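A short write-up of the structure that comes next.
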Ligand SMILES: Cc1cc2nc3c(=O)[nH]c(=O)nc-3n(C[C@H](O)[C@H](O)[C@H](O)COP(=O)(O)OP(=O)(O)OC[C@H]3O[C@@H](n4cnc5c(N)ncnc54)[C@H](O)[C@@H]3O)c2cc1C
Ligand SMILES: [Zn+2]
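Protein chains in written order, with the working numbering: chain E, 1 to 416; chain P, 417 to 507.
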């Protein structure tokens, strides 16, 4: 069924009885040309682009739980392309361009809202560093506007400008950035992939790989053995666990990141604000809730929930930046488990096992990367070649000293 | 979350700095023939188990001791802790 405004209107008049299930619930076949492990944003987008761009439709996405129950449905929905280093800039630019027409392409409203994203500066040196970053973005054709303190004050007057420790000197605005509805991204890609013939198989956990003479031939799952010509991993947060089943050891630690939302308020924050010094960022959802987050908890975790020190720290940082939010009541907090890589940047590459491909290490930033990550990963799986927008996310970059370390903190995943 | 420092007793986790896998205390021999590969593994590769993890904690805002703790990373519960300088676990 194609969705349209008219359908919504007519179904509204007839008690919404006209909607059909959005995707099939097929039993796994014996063999697929390509199996994607993980029904999160990246896995679903990869399957969609395999079918759509490369005509490979004999594809299954194996998801251990329900589609979208992982980080794709737990993130704070910020979409932006204001990274600084080569490797990242061209990739996130590619992804941001794919976001542009995503709703129309998928016939599913992902509610992309280009409300901008501002990175704040607290010193002249930081403003210079942001200018350099902005130039990197402009060279990619992405937006970047350097704001001085007065411009910042005009646009976002409610910030705490004269904090003695972190006074606000300006910032870097990217108007093309914003937010999107995270669940809709998962559901939109799932529905579009299903319509192109991809089998979405839920409650199907991969428990092992079949590897013959260095080549992957299939996977073992809780729903039996499934053969495959090629296999792609996209299991964000579980990458080390799944890769270990294929005998691989990765430059990754799993960490928990928390996020928070307040009760619904009238519109007050009309952009995404990122306060680097306090490790705090915030936006307002369409329902009115203030959605915000900060640092990872800082120690390895697979618990999918964080601890109170970070709750306190994030609240303090929020109060330091915009004291007005102190009156809002926090409704919920939650956590998600993420792959933190040794340099804070993702990995999209072949593995030493023929036919086995890897997409992971998204750290806390892989939601914005869903269209781009799926697109370049499908390209890699289909053609065997790296996509030009993602040539530097190699597994061997650590051995070559070619790390992509935006935070410049070295091999310390808890600090990226 | 509290960590029981063998010298100071159970203290708030905020007093400690997390350094990562306990294997970081075993620096490879730079003169060994396989030193390049060993250092690569040492610096960048991790087991990252979803269960018991052996890790290094530093009592930064306390006695300044380095500790080796075993923690269940699926529940955050500390299972044992000892001074990094002790050969055998003390708890
Ligand atoms: C609190 C929080 C806030 C965030 N905020 C942002 C943000 O504002 N902007 C941004 O860009 N990014 C953000 N991120 C990061 C982003 O959510 C992730 O990087 C991204 O969603 C990861 O890719 P994914 O969607 O494919 O992962 P997931 O949705 O986690 O998909 C992986 C899937 O693999 C499945 N799986 C695992 N093991 C197996 C197995 N053995 N067999 C079968 N299936 C398996 C899992 O069940 C899961 O569904 C945030 C993350 C968190 C936790
Ligand atoms: Zn102590």
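Don't be surprised by glycine CBs; every beta carbon is placed ideally from N, CA and C.
Model, not experiment: these values are computed from the prediction.
Starting from residue 411(E), find everything on chain P with Cβ-Cβ shorter than 8 angstroms and list it in chain order. Counting from 1 along the first chain, the entry for residue 411(E) is found at position 411. Under the 8 angstroms cutoff, chain P gives 459 and 460.
Note down, in chain order, every chain P residue with its Cβ under 9 angstroms from the Cβ of residue 342(E). Here residue 342(E) corresponds to residue number 342 of the first chain, with the count starting at 1. 459, 460, 461 and 462, listed in chain order.
Of the listed residues 196(E), 182(E) and 124(E), nearest to residue 24(E) (C-alpha basis): What you label residue 24(E) is simply residue 24 of the first chain in a count that begins at 1. Residue 24(E) has its Cα closest to that of 196(E), out of 196(E), 182(E) and 124(E).
What's the gap between the Cα of residue 383(E) and the Cα of residue 161(E)? Looking up residue 383(E) in the first chain gives position 383. Looking up residue 161(E) in the first chain gives position 161. The alpha-carbon atoms of residue 383(E) and residue 161(E) are separated by roughly 52 angstroms.
Counting along the chain, where does the beta strand (DSSP E) carrying residue 233(E) start and finish? Looking up residue 233(E) in the first chain gives position 233. Per DSSP, residue 233(E) belongs to the beta strand (DSSP E) from 224-233.
Would you please verify whether the beta carbon of residue 209(E) is less than 8 angstroms from any beta carbon of chain P? Counted from its first residue, the first chain places residue 209(E) at position 209. Residue 209(E) does not count as touching chain P.
For residue 489(P), which residues in chain E fall below 9 angstroms Cβ to Cβ? As a first step, residue 489(P) is located in the second chain; it is residue number 73 there, counting from the start. Correct list: 254, 299, 300, 301, 302 and 303.
If you measure from the beta carbon of residue 506(P) to each beta carbon in chain E, is any gap under 8 angstroms? Residue numbering aside, residue 506(P) sits at position 90 when the second chain is read from its first letter. Its pLDDT being 48, under 50, residue 506(P) is placed unreliably by the model, and nothing is read from it.
Neighbour flag for residue 240(E) against chain P, beta carbons, 8 angstroms: By one-based count along the first chain, residue 240(E) stands at place 240. So yes, residue 240(E) belongs to the interface.
To the nearest angstrom, how far is it from the Cα of residue 500(P) to the Cα of residue 472(P)? The residue you call residue 500(P) lines up with position 84 of the second chain. The residue you call residue 472(P) lines up with position 56 of the second chain. Those two C-alpha atoms are separated by around 8 angstroms.
Can you pull the chain P neighbours of residue 249(E), defined as C-beta to C-beta under 9 angstroms? Residue numbering aside, residue 249(E) sits at position 249 when the first chain is read from its first letter. Here the neighbours are 457, 461, 462, 463 and 464.
Contact criterion: CB-CB distance below 8 angstroms. Does residue 309(E) meet it with respect to chain P? Here the question's residue 309(E) lines up with position 309 in the first chain. Interface residue, yes.
Around the Cβ of residue 364(E), are there at least 16 other Cβ atoms within 10 angstroms (buried) or fewer (exposed)? On the first chain, residue 364(E) is found 364 positions in, with the first residue counted as 1. Buried is the call here.
Out of curiosity, what's the CA-to-CA distance linking residue 507(P) and residue 445(P)? Numbered from its first residue, the second chain carries residue 507(P) at position 91. Numbered from its first residue, the second chain carries residue 445(P) at position 29. Residue confidence for residue 507(P) is low, a pLDDT of 49 falling below 50, so the modelled location carries little weight and cannot support an answer.
Which same chain residues, not among the five before or five after residue 416(E), have their C-beta less than 7 angstroms away from its C-beta? The sequence position of residue 416(E) within the first chain is 416, counting from 1. 340, 344, 363, 407 and 409.
Using a Cβ-Cβ distance under 8 angstroms, would residue 398(E) count as near chain P? For the purposes of this step, residue 398(E) is taken as the residue at position 398 of the first chain. At least one chain P Cβ lies under 8 angstroms of residue 398(E).
Can you tell me whether residue 62(E) sits near ligand 1, meaning its C-beta is under 7 angstroms from at least one heavy atom of the ligand? Translated into the one-based positions of the first chain, residue 62(E) becomes position 62. The answer is yes for residue 62(E).
Measure the beta-carbon distance from residue 28(E) to residue 60(E) and round it to whole angstroms, keeping in mind my assumption that it falls under 8 angstroms. As a first step, residue 28(E) is located in the first chain; it is residue number 28 there, counting from the start. As a first step, residue 60(E) is located in the first chain; it is residue number 60 there, counting from the start. Contact holds; Cβ gap of about 6 angstroms.
Would you check if the distance between the CB atom of residue 255(E) and the CB atom of residue 414(E) is smaller than 8 angstroms? Counting from one through the first chain, the residue named residue 255(E) turns up at place 255. Counting from one through the first chain, the residue named residue 414(E) turns up at place 414. Yes, the Cβ-Cβ distance between residue 255(E) and residue 414(E) is below 8 angstroms.
Is residue 472(P) near ligand 2, judged by its Cβ being under 7 angstroms from some heavy atom? Walking along the second chain from the start, residue 472(P) turns up at place 56. Every heavy atom of ligand 2 is 7 angstroms or more from the Cβ of residue 472(P), so no.
Assign residue 141(E) to one of two classes, buried (16 or more other C-beta atoms within 10 Å of its C-beta) or exposed (fewer than that). The residue you call residue 141(E) lines up with position 141 of the first chain. By the 10 Å Cβ count, residue 141(E) comes out exposed.
Indicate, with yes or no, if ligand 3 has a heavy atom lying under 7 angstroms from the CB of residue 383(E). Ligand 3 is not among the ligands present in this structure, which contains only ligand 1 and ligand 2.
DSSP state of residue 247(E) mapped onto helix, strand, coil: Within the first chain, residue 247(E) is the residue found at index 247, counting from 1. In the structure shown, residue 247(E) sits in coil (DSSP, three-state: anything other than H, G, I, E or B).
Go through the region 48-106 of chain E residue by residue and report every complete run of the alpha helix (DSSP H) that reaches 4 residues or more, in order. 88-100 and 102-106
Evaluate contact between the region 255-266 of chain E and the region 305-316 of chain E, counting only Cβ atoms and requiring at least three cross-stretch pairs below 8 angstroms. yes
Closer than 9 angstroms at the beta carbon, the chain E residues around residue 471(P): Translated into the one-based positions of the second chain, residue 471(P) becomes position 55. Those are 299 and 300, listed as they occur along chain E.
So which residues of chain P does residue 414(E) contact, with C-beta pairs closer than 8 angstroms? One-based indexing of the first chain puts residue 414(E) at position 414. The contacting residues are 434 and 436.
Should residue 38(E) and residue 317(E) be called a contact, given that it needs their Cβ atoms to be closer than 8 angstroms? The sequence position of residue 38(E) within the first chain is 38, counting from 1. The sequence position of residue 317(E) within the first chain is 317, counting from 1. No, these two residues do not count as a Cβ contact at 8 angstroms.
Does the beta carbon of residue 423(P) fall short of 7 angstroms from some heavy atom of ligand 2? Taking the first residue of the second chain as position 1, residue 423(P) is located at position 7. At least one heavy atom of ligand 2 is nearer than 7 angstroms to the Cβ of residue 423(P), so yes.
To the nearest angstrom, how far is it from the Cα of residue 268(E) to the Cα of residue 330(E)? Looking up residue 268(E) in the first chain gives position 268. Looking up residue 330(E) in the first chain gives position 330. Distance between the alpha carbons of residue 268(E) and residue 330(E): 16 angstroms.
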